[in-house]
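Colleague: Numbering follows our numbering, with no gaps: position 29 of the sequence shown is 758.
Ideal Cβ positions, reconstructed from N, Cα and C, are used throughout, including at glycine.
Sharing a structure, written as structure tokens. Questions coming.
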Amino acid sequence: MERIPEPELMIDLAQAKAYSEADFESRHSKIIKLIDRSFNTADISGDILDLGCGPGDVTFRLARRFLSADITAIDGSPAMISQAQARLLREQTFTNRMYFIQALIPGLAIPNKPYQLIVSTSFLHHLHQPEVLWQTVIKYSTPGTKVFIADLCRPASKRAARQMVQQHASGEPDVLQQDFYHSLLAAFTAEEVEKQLLAAGLSNLTVELDDYLLIYGEI
Ligand SMILES: C[S@@+](CC[C@H](N)C(=O)[O-])C[C@H]1O[C@@H](n2cnc3c(N)ncnc32)[C@H](O)[C@@H]1O
């Protein structure tokens with residue numbers, strides 16, 4: 730099946746709210762386990778960058794996992810960033826080490842720090858020009874930076890996509906089911922990602938198909 734791109738930014742308020750209220754416990758706790766499985770994470774105590782953070786559920790999990798790290802999280806959608814900031818105010822726990830910034834990727838608003846870990850989850854499939862993610866990874870990494878990207882993998886047909894929605898999201902609100910379906914159609918295949926990495930000079934990163942399409946390694 731050909732890829733069918735979806736709008737890049739999730740700017741709709743209802744969509745951002747539904748996404749923020751969804752139960753991602755099993756999917757997002759797995760992300761943290763996969764990061765721990767992919768690297769020696771004992772040395773992560775500096776800066777972490779989360780690209781396309783949405784309302785920040787993965788970002789908060791990173792803050793809980795890496796208690797000495799500062800986390801900068803970027804999203805271009807004002808609705809998503811305000812959900813993330815509202816949660817930060819509500820929880821009051823990590824206010825001195827989590828920074829949510831509304832900015833388009835690529836853009837100049839990302840602080841230039843020596844990031845130890847760059848994370849991005851469910852973001853790549855939003856990009857109309859996927860090379861933007863790889864250029865951003867290169868720009869904000871230094872030798873030794875750990876990179877961990879997790880995204881959906883495009884199924885073979887619309888029928889298979891509908892089945893996946895039924896299997897994984899039948900209990901979710903309609904807006905989330907629709908969102909999941911369109912995201913599956915917009916996702917890349919492992920072969921497409923391998924070509925993107927080759928073109929970007931990042932072919933040392935590992936591409937692996939788990940429940941997620943994973944791309945990880947050290948720069
Ligand atoms: C599906 S959400 C993923 C959120 C979060 N990472 C997660 O795993 O739950 C994708 C996010 O990427 C953001 N986004 C898409 N294109 C972007 C761009 N070019 N610059 C910044 N943010 C972007 C959208 O606004 C949306 O909030």
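1) How far does the alpha helix (DSSP H) with Gln831 in it extend, from its first residue to its last?
2) Would you identify the three-state DSSP class for Phe789, choosing helix, strand or coil?
3) Hey, is Tyr945 close to ligand 1, as in C-beta under 8 Å from one of its heavy atoms?
4) Let me confirm a value: Ser774 is counted as buried when at least 16 other C-beta atoms fall within 10 Å, else exposed. Which label applies?
5) Distance check for Ala916 and Glu731, CA to CA, integer angstroms please.
6) Grab the span of the alpha helix (DSSP H) containing Lys875 for me, first residue to last.
7) Which residues in the same chain have their Cβ closer than 6 Å to the Cβ of Lys842, if we skip the five residues on either side of it in sequence?
8) When the Cα atoms are used, what is the spatial distance from Glu923 to Asp908?
9) Where does Arg883 land, buried or exposed, given buried means 16+ other C-beta within 10 angstroms?
10) Helix, strand or coil: which one does DSSP assign to Thr770?
11) Report the rounded CA-to-CA distance for Met893 versus Leu796, giving the unit in angstroms.
12) I'd like the list of long-range same chain contacts for Pro835, defined as Cβ closer than 8 Å, with 5 residues on each side in sequence excluded.
13) Confirm the yes/no value for this check: CB of Phe829, any heavy atom of ligand 1, distance under 8 Å.
14) Decide if Leu913 is buried, meaning its Cβ has at least 16 other Cβ atoms within 10 Å, or exposed.
15) Taking contact to mean at least 3 C-beta pairs separated by less than 8 Å, is the stretch 817-829 in contact with the stretch 845-855?
16) If you draw a straight line from the alpha carbon of Leu934 to that of His855, how long is it in whole angstroms?
Modeller: Per the coordinate set shown:
1) Not the alpha helix (DSSP H): Gln831 falls in the beta strand (DSSP E), residues Met827 to Gln831.
2) helix
3) no
4) exposed
5) 10 Å
6) Note, Lys875: premise wrong, no alpha helix (DSSP H); beta strand (DSSP E) at Lys875 to Asp880.
7) Asp776
8) 25 Å
9) buried
10) coil
11) 35 Å
12) Val861, Gln864, Thr865 and Lys868
13) no
14) buried
15) no
16) 21 Å
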